[in-house]
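J.: The sequence shown begins at -6 in this note's numbering and counts up by one.
The C-beta atom is built at its ideal place from N, Cα and C for all residues, glycine as well.
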Amino acid sequence: MSKQSILGRITTLVRANINSILDSAEDPQKMIDQLVRDYSNNISDAEQAIAETIGNLRLLEQDYEEDVRTAAEWNRKAIAASAKADEMRAAGNTVDADKFDNLAKVALQRQITEENEARAAEPTIASQREVTEKLKAGLNGMKEKLQQLQSKRAELIARAKTAEAQNRVADAVKSIDVLDPTSDLGRFEEKIRRQEALARGKQEIAASTLDSQFNELENFEAVTEVEARLAALKAGNPQQAIGQ
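1. Just to confirm my understanding: we take Q104, look at its own chain, exclude 5 residues before and 5 after, and list those with CB closer than 7 Å. What are they?
2. If we ignore side chains and look at the alpha-carbon of each, how far apart do V171 and E183 end up?
3. By the three-class DSSP mapping on this structure, what secondary structure does G85 have?
4. Distance, Cα to Cα, D60 vs L149?
5. What do you reckon, are the CB atoms on I3 and A39 nearer than 7 Å?
6. Compare the Cα-Cα distances from R51 to each of A192, L6, T125 and report the closest residue.
7. Does the Cβ-Cβ distance between L101 and A74 come in under 7 Å?
8. So, using beta-carbon positions, are L142 and L28 closer together than 7 Å?
9. Using only alpha-carbon positions, find the residue among N86, A119, Y57, I118 that is nearest to T106.
10. To the nearest angstrom, how far is it from the Cα of N160 to the Cα of G48?
11. How big is the Cα-Cα spacing for D26 and K145?
12. Are L128 and A42 closer than 7 Å when you measure CB to CB?
13. Which ranges does the alpha helix (DSSP H) cover as unbroken runs of at least 4 residues, wholly within the segment -5 to 48, from first to last along the chain?
14. Grouping DSSP H, G and I as helix and E and B as strand, with all else coil, what is A163?
15. Is R82 near the ligand PLP, in the sense that its beta carbon is under 6 Å from a heavy atom of that ligand?
16. What's the C-alpha gap between K98 and A90?
17. Closest Cβ-Cβ distance between S17 and chain B: below 7 Å?
18. Mind checking T46: buried by the 16 CB within 10 Å criterion, or exposed?
19. Which residue wins for smallest C-alpha separation from K136, given the options S17, A158, R30?
Structural data, given as structure tokens:
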């Protein structure tokens, strides 16, 4: 995959609105896990691309520095040959003077060649440096987004556990609601109320039976009194009425 395609993918991921993606997700936790995998994979690709880009850049820089050094060396040789030619010419040795001038020209030509190669490499080096910096910035951006995702995942899991605990507590409270007639305590309370009502009924029945017995006793005493008075009449000893 080319550096530019990786850079485009990195740019897209760095600009991605994670909160918006999670808000629209049907299952945010699964979406976070998928995003973590995507960012981790792209971080790995970006690191590989950066390593290759930096490696190529260092080679270009080494070649550039070598061209500059070689150009400088040919320049020194050209100066030395030209100086020798001037020395020979001053001594009247024009043949050797021309020879050293020709050497100076060759050295100058080599210098020009090396300088041209160095200048030709400068735009490529500048481009590679720019791509490297963009890849580094994108890599840092993706690492920050990955940290956000990991923090979001931890937060989401903590919230899910809290909600689960709250639901368990709510269910537990509901299950022991004494006002709930369908709960065990509600049914137990209703059973006790029925037993209490039965006891009160038995007490009322017992009380009613006792009252009947006393009423029968009073009626018996009344009959006995009548019989006694009748016997007294027959014996010629009637009981006087109250107030006589």
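T.: The answer reads as follows:
1. Numbered from its first residue, the sequence shown carries residue 104 at position 111. Excluding positions up to five away in sequence, the list reads A64, W67, N68, A71.
2. Looking up residue 171 in the sequence shown gives position 178. Looking up residue 183 in the sequence shown gives position 190. Note that V171 has pLDDT 48, beneath the 50 cutoff, so the model's placement of it is unreliable and no number is given.
3. By one-based count along the sequence shown, residue 85 stands at place 92. It is coil, neither helix nor strand.
4. Along the sequence shown, read from residue 1 onward, the residue named residue 60 stands at position 67. Along the sequence shown, read from residue 1 onward, the residue named residue 149 stands at position 156. The alpha-carbon atoms of D60 and L149 are separated by roughly 58 Å.
5. Locating residue 3 in the sequence shown gives position 10, counting from the first residue. Locating residue 39 in the sequence shown gives position 46, counting from the first residue. Contact: yes.
6. Start at 1 with the first residue of the sequence shown, and residue 51 comes out as number 58. Checked all of A192, L6, T125; the closest Cα to R51 is T125.
7. For the purposes of this step, residue 101 is identified with residue 108 of the sequence shown, where counting begins at 1. For the purposes of this step, residue 74 is identified with residue 81 of the sequence shown, where counting begins at 1. Their beta carbons are not under 7 Å apart, which means L101 does not touch A74 by this criterion.
8. Counting from one through the sequence shown, the residue named residue 142 turns up at place 149. Counting from one through the sequence shown, the residue named residue 28 turns up at place 35. Against a cut-off of 7 Å, the Cβ pair of L28 and L142 comes out as a contact.
9. Stepping through the sequence shown from its first residue, residue 106 is reached at position 113. Answer by Cα proximity: Y57.
10. Residue numbering aside, residue 160 sits at position 167 when the sequence shown is read from its first letter. Residue numbering aside, residue 48 sits at position 55 when the sequence shown is read from its first letter. If you take the alpha carbons of N160 and G48, they lie about 57 Å apart.
11. Locating residue 26 in the sequence shown gives position 33, counting from the first residue. Locating residue 145 in the sequence shown gives position 152, counting from the first residue. Rounded to whole angstroms, D26 to K145 spans 10 Å at the Cα level.
12. Here the question's residue 128 lines up with position 135 in the sequence shown. Here the question's residue 42 lines up with position 49 in the sequence shown. For L128 and A42, yes; Cβs fall inside 7 Å.
13. -4 to 8, 11 to 16
14. Counted from its first residue, the sequence shown places residue 163 at position 170. Three-state DSSP puts A163 in a helix.
15. Here there are no bound small molecules, and the ligand PLP is not part of this structure.
16. Here residue 98 is taken as the residue at index 105 of the sequence shown, counted from 1. Here residue 90 is taken as the residue at index 97 of the sequence shown, counted from 1. Going from the Cα of K98 to the Cα of A90 covers about 12 Å.
17. In the structure shown, chain B cannot be found, because there is only a single protein chain.
18. In the sequence shown, the residue the question calls residue 46 occupies position 53. T46 is buried by the Cβ-count criterion.
19. The residue labelled residue 136 in the question sits at position 143 within the sequence shown. Closest option to K136, Cα to Cα, is R30.
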